[in-house]
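Each position in the sequence shown, counted from 1, maps to that position plus 3 in this note's numbering.
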Amino acid sequence: MSELYLEIVEGPEAGRLVSLTAPLEIGSDPEAGFHLRDEHAEPRHVRVTPRGDHVFVEDLGAPGGTFVNDAEVAAPTRMRPEDELQVGITVLQLRSAADVAARGSAARPKPPPLAASERPPGHLPAEAEQDPMLDEIESLLDARTKAKAQTAPLALFVLVVFAVLVFLATNRF
Numbered sequence: 004m005s006e007l008y009l010e011i012v013e014g015p016e017a018g019r020l021v022s023l024t025a026p027l028e029i030g031s032d033p034e035a036g037f038h039l040r041d042e043h044a045e046p047r048h049v050r051v052t053p054r055g056d057h058v059f060v061e062d063l064g065a066p067g068g069t070f071v072n073d074a075e076v077a078a079p080t081r082m083r084p085e086d087e088l089q090v091g092i093t094v095l096q097l098r099s100a101a102d103v104a105a106r107g108s109a110a111r112p113k114p115p116p117l118a119a120s121e122r123p124p125g126h127l128p129a130e131a132e133q134d135p136m137l138d139e140i141e142s143l144l145d146a147r148t149k150a151k152a153q154t155a156p157l158a159l160f161v162l163v164v165f166a167v168l169v170f171l172a173t174n175r176f
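In structure tokens:
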């Protein structure tokens with residue numbers, strides 16, 4: 004049986020590591036086995052139970068859901084090293100002791116805010132970004148989400164053009 008760890012790779016406290024030696028409840032409750040400072044996590048959100056070289060993840064009925072590799076957990080689900088668990092806005096990665104020793108932290112850096120010249124068309128002006136709610140939303144977005152958001156207007160335009168072309172092709176004047 005190899006030693007396993009959970010590391011926070013995205014979200015508050017990125018880089019924090021915990022050894023999995025026994026079943027562990029994860030949540031925002033300070034009394035949880037692995038306390039997350041994540042207001043989007045439930046007090047007792049998920050239970051992780053080590054079994055040899057993998058773990059089983061069990062959602063504890065959290066309304067926000069629990070995800071393993073972007074798939075919602077509906078029943079106890081097996082995780083292997085390198086798999087990711089999302090609880091609230093926190094993403095944890097299951098890691099082996101050998102991987103931790105070889106690579107160190109797997110935490111992903113928080114993307115920097117977009118510079119004015121990098122903002123996509125229709126992006127809020129700089130003065131609107133002073134709103135605390137917008138600052139919170141910006142802090143929750145990762146690099147993948149920001150990249151997808153930049154291409155969303157183009158995708159919508161292509162979809163509308165395609166729909167118009169289909170309409171014109173099927174309704175000849």
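Virtual Cβ for every residue (Gly too), placed ideally from N, Cα, C.
Bear in mind the structure is a predicted one, so any value in this text is a computation, not a measurement.
Closest by C-alpha distance to residue i, when choosing among the options
| i | options | result |
| --- | --- | --- |
| Arg-37 | Ala-44, Leu-27, His-43, Glu-45 | According to the sequence provided, residue 37 is Phe. The question's Arg does not apply to it. Checking every option, the nearest Cα to that of Phe-37 belongs to Leu-27. |
| Val-94 | Gly-68, Glu-6, Gly-64, Leu-171 | Gly-68 |
| His-43 | Asp-56, Leu-20, Ile-92, Gln-96 | Ile-92 |
| Leu-63 | Phe-165, Arg-106, Leu-20, Val-76 | Val-76 |
| Leu-88 | Val-51, Lys-113, Pro-33, Arg-106 | Val-51 |
| Glu-13 | Ser-108, Glu-34, Arg-81 | Ser-108 |
| Ala-17 | Phe-70, Gln-96, Asp-86, Glu-61 | Gln-96 |
Opposing strand residues paired with residue i [DSSP bridges]
| i | result |
| --- | --- |
| His-38 | Gly-30 |
| Phe-70 | Glu-75, Gln-89 |
| Thr-80 | Val-60 |
| Thr-52 | Phe-59 |
| Glu-227 | The first residue shown for the chain is 4 and the last is 176, placing residue 227 beyond what the model contains. |
| Leu-7 | Leu-23, Ser-99 |
Whether residue i touches residue j by CB criterion (8 Å)
| i | j | result |
| --- | --- | --- |
| Asp-102 | Pro-79 | no |
| Val-49 | Val-90 | yes |
| Ser-22 | Tyr-8 | yes |
| Ile-11 | Ala-110 | yes |
| Pro-66 | Asp-41 | no |
| Glu-5 | Asp-56 | Residue 5 is actually Ser in this sequence, not Glu. Against a cut-off of 8 Å, the Cβ pair of Asp-56 and Ser-5 comes out as a contact. |
| Leu-39 | Ile-29 | yes |
DSSP three-state assignment for residue i, whether helix, strand or coil
| i | result |
| --- | --- |
| Asp-102 | helix |
| Gly-91 | coil |
| Leu-20 | strand |
| Pro-156 | helix |
| Leu-63 | coil |
| Ala-166 | helix |
| Lys-151 | helix |
| Ala-172 | helix |
Closer than 8 Å to chain B by CB, residue i
| i | result |
| --- | --- |
| Pro-15 | In the structure shown, chain B cannot be found, because there is only a single protein chain. |
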